[in-house]
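Heads up, the thing below is written out as structure tokens.
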């Protein structure tokens, strides 16, 4: 399958952030540099540390500049390899890395690791803790129980931020215009969309012109974890990249296809990408 490569290059100005602390000044300087990327097929994932990723979001909030983020794990990219429309949509978003699968792919294809694992379950809480400005947040997705639990967790742990609205991810197509109006009227700085791949990215991109919000992030199962509805893997499994195995033991029927079938397919797809590169390079070496 041929994909059109699109590299999102956010325009980041030298605007000073409101805080004058050394940490904030360092973040502002870092944001002015063009982010490095790791190319996995037609997809260019930003290669950056957690603090730099937070600064990236902070800059967009300060400037009210559109920043639509997709957090990509192996399942996300495999879905895009199988769906050209979804692939094209992802190429129009800012892509962050999630998990051991995409890190293996980056090492295999580009000879380098991503500096940090920017999975939404860790990145979003870290961002809320360190971003340095109060955010107006709208929560969209999951079931009502998980939504309420996630909102309560944010209010308790990150009291500087304000939940300006919340809505479950179960609705009819005809409700979308009203949902977009509701989100826009709340004037959020940050929209967290928890509907899974590819639905959450499709919603963000297909309705971005109707959403008055600078930063939108697809966060997958974040609300499930924040609400305590789903347990996270022990820290040691997270560190060694086996959180997926823990999740598989909890939900084997739902996740069997994603992991037992999906992981080998993803690795095979990455291997073919590597072979394709060698094939193109071979004539030049003769």
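Residue numbers (my numbering): 5 to 290. Positions of the beta carbon are idealized from the N, C-alpha and C atoms, including for glycine.
Distance from residue 192 to residue 217 at the Cβ level is roughly 5 Å; contact confirmed, criterion being Cβ atoms closer than 8 Å. Taking C-beta atoms under 8 Å as the contact rule, residue 122 and residue 75 qualify, at a distance of about 7 Å.
When DSSP states are grouped into helix, strand and coil, residue 241 belongs to the helix group. Rounded to whole angstroms, the separation of the alpha carbons of residue 228 and residue 63 is 28 Å. As the crow flies, the alpha-carbon of residue 231 is around 18 Å from that of residue 195.
With a 10 Å radius around the Cβ and a threshold of 16 neighbouring Cβ atoms, residue 88 comes out exposed. Per DSSP, reduced to three states, the secondary structure at residue 99 is strand.
By the beta-carbon neighbour count (other beta carbons within 10 angstroms, threshold 16), residue 46 is buried.
Within its own chain, no residue has a Cβ closer than 6 Å to the Cβ of residue 156 once the five positions on either side in sequence are excluded.
In this model, residue 58 and residue 148 are separated by some 28 Å (Cα to Cα). Its Cα nearest to that of residue 153, the residue 233 stands out among 249, 233 and 211. For residue 104, the CB contacts under 6 Å within the same chain, skipping 5 residues up- and downstream, are 245 in chain order. In the DSSP assignment, residue 67 falls within the alpha helix (DSSP H) that extends over 54-67.
With a threshold of 16 other beta carbon atoms within 10 Å, residue 86 falls short and is exposed. Per DSSP, the continuous beta strand (DSSP E) segment holding residue 170 begins and ends at 166-171. Each of 166, 97 and 42 was checked against the Cα of residue 116, and the nearest Cα belongs to 42. The beta carbons of residue 187 and residue 169 sit closer together than 8 Å.
Under the DSSP assignment, residue 93 falls in the alpha helix (DSSP H) whose first and last residues are 88-94. In the DSSP annotation of this structure, the continuous segment of the beta strand (DSSP E) that includes residue 40 starts and ends at 40-44. Separation of residue 160 and residue 222 (C-alpha to C-alpha, rounded to the nearest whole angstrom) is 22 Å. The criterion of a C-beta distance shorter than 8 Å is not satisfied by residue 202 and residue 125. Its Cα nearest to that of residue 254, the residue 235 stands out among 224, 277 and 235. Taking 4 residues as the shortest admissible run, the segment 181-250 contains the following complete alpha helix (DSSP H) segments, listed from N- to C-terminal end: 203-210, 226-231 and 239-243.
The beta-carbon distance between residue 106 and residue 208, rounded to whole angstroms, is 20 Å. This is too long to meet the 8 Å contact definition. Each residue's CA atom was taken as its position, placing residue 109 and residue 80 some 13 Å apart.
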